[in-house]
Amino acid sequence: MQHPMIKLIVPADIISMLNALFGFIAILILSINPTLAYRLSFTFILLALLADGLDGIVARKTRKGEMGPYLESMADLTSTGIATGFFVFHIYYNQLSNQSIFVLLSFIGVVSFYLICSIIRLAAFHPLKTTDYFMGLPAPAAAIILLTCTYLNIPFFYCIFVILLLSFLMISTIHYLKPPNKLSIISASLIFLVIIFDTVFDSIFIWLLLVLSLLYMFIGPIAFRHK
126 MQHPMIKLIV
136 PADIISMLNA
146 LFGFIAILIL
156 SINPTLAYRL
166 SFTFILLALL
176 ADGLDGIVAR
186 KTRKGEMGPY
196 LESMADLTST
206 GIATGFFVFH
216 IYYNQLSNQS
226 IFVLLSFIGV
236 VSFYLICSII
246 RLAAFHPLKT
256 TDYFMGLPAP
266 AAAIILLTCT
276 YLNIPFFYCI
286 FVILLLSFLM
296 ISTIHYLKPP
306 NKLSIISASL
316 IFLVIIFDTV
326 FDSIFIWLLL
336 VLSLLYMFIG
346 PIAFRHK
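Quick note: to get the numbering used here, add 125 to the position in the sequence shown (first position is 1).
Okay, here's the thing in structure tokens:
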């Protein structure tokens, strides 16, 4: 007889679990060697974000399972919340060697606040779900902005501002228009290009991904009001 839990799993759920797995692998890689492995860890978080977008497509093409909403939220928490926060902390931790313990503890507090806001945002996603808009900045969009800013090594105190801004936007009541399919395809394509290129083109595609995400962050609410 088939296990009742396994029986609940549908194809889209497997994609969601890949999302969580990629995020977990990114954390493990950083734990082994944060200095040498940050590019590989960055790649795995991007793979998780691709999986996050793919699970919804697979669910619409096949069928939605009973566990889908729960798996999706937990997977997103692993990749966009925990793995992203861990990545940011490790990248900037080495720059804090000359800073006071107060600065270090403050940074831990800021990254923890980002994680808490991610938890709230993801937990509230399905209860507050609508067909036209997202309430608050979506966690994947926040993760892309924070990841790319960190990878491009923006100054530490600018990073603090970015983390706090994204945290508040995630739990805000601002209405973000759901991105059209074309924009989602462009974003996924840029993420894919960032993953496969590790040359001078790498930075170009990362900048394009950051600019596109920032445009959505600022224009999304305006587009909703003028819909």
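Ideal placement from N, C-alpha and C gives every residue a C-beta, glycine not left out.
All figures in this text were calculated on a predicted structure; none of them were measured in a lab.
Span of the alpha helix (DSSP H) around residue i
i: F232; result: 226 to 250
i: L289; result: 281 to 295
i: A267; result: 264 to 276
i: K189; result: Where K189 is concerned, there is no enclosing alpha helix (DSSP H), given that its DSSP letter is neither H nor E.
i: A145; result: 136 to 157
i: T203; result: Where T203 is concerned, there is no enclosing alpha helix (DSSP H), given that its DSSP letter is neither H nor E.
Cβ separation of residue i and residue j, assumed to be a contact under 8 angstroms, to the nearest whole Å
i: I216; j: T275; result: 5 angstroms
i: I269; j: L334; result: 6 angstroms
i: L262; j: M342; result: 6 angstroms
i: A151; j: S166; result: 4 angstroms
i: Y258; j: K303; result: 6 angstroms
i: I154; j: F169; result: 7 angstroms
i: I320; j: L172; result: 7 angstroms
i: G148; j: T203; result: 4 angstroms
i: A264; j: D201; result: 6 angstroms
Residues bridged to residue i (per DSSP)
i: Y258; result: L302
Residue i versus residue j: straight-line alpha-carbon distance, rounded
i: R246; j: A208; result: 16 angstroms
i: M126; j: K132; result: Any reading at M126 needs caution, since the residue's pLDDT is 48, under 50, leaving its predicted position unreliable; the model's value is listed next. Computed Cα separation, rounded: 10 angstroms.
i: W332; j: M130; result: 42 angstroms
i: V235; j: I134; result: 36 angstroms
i: G345; j: L294; result: 12 angstroms
i: I233; j: F214; result: 8 angstroms
i: G210; j: A267; result: 11 angstroms
i: L196; j: H300; result: 24 angstroms
i: L340; j: A176; result: 22 angstroms
i: K254; j: L290; result: 23 angstroms
i: N144; j: P252; result: 22 angstroms
i: L240; j: Q220; result: 21 angstroms
i: P136; j: V287; result: 36 angstroms
i: N223; j: Y283; result: 18 angstroms
i: S297; j: L337; result: 21 angstroms
i: G206; j: D138; result: 19 angstroms
i: S237; j: P194; result: 24 angstroms
Contact test: residue i Cβ vs the ligand ATP heavy atom, cutoff 6 angstroms
i: P263; result: You won't find the ligand ATP in this model; it holds no ligand whatsoever.
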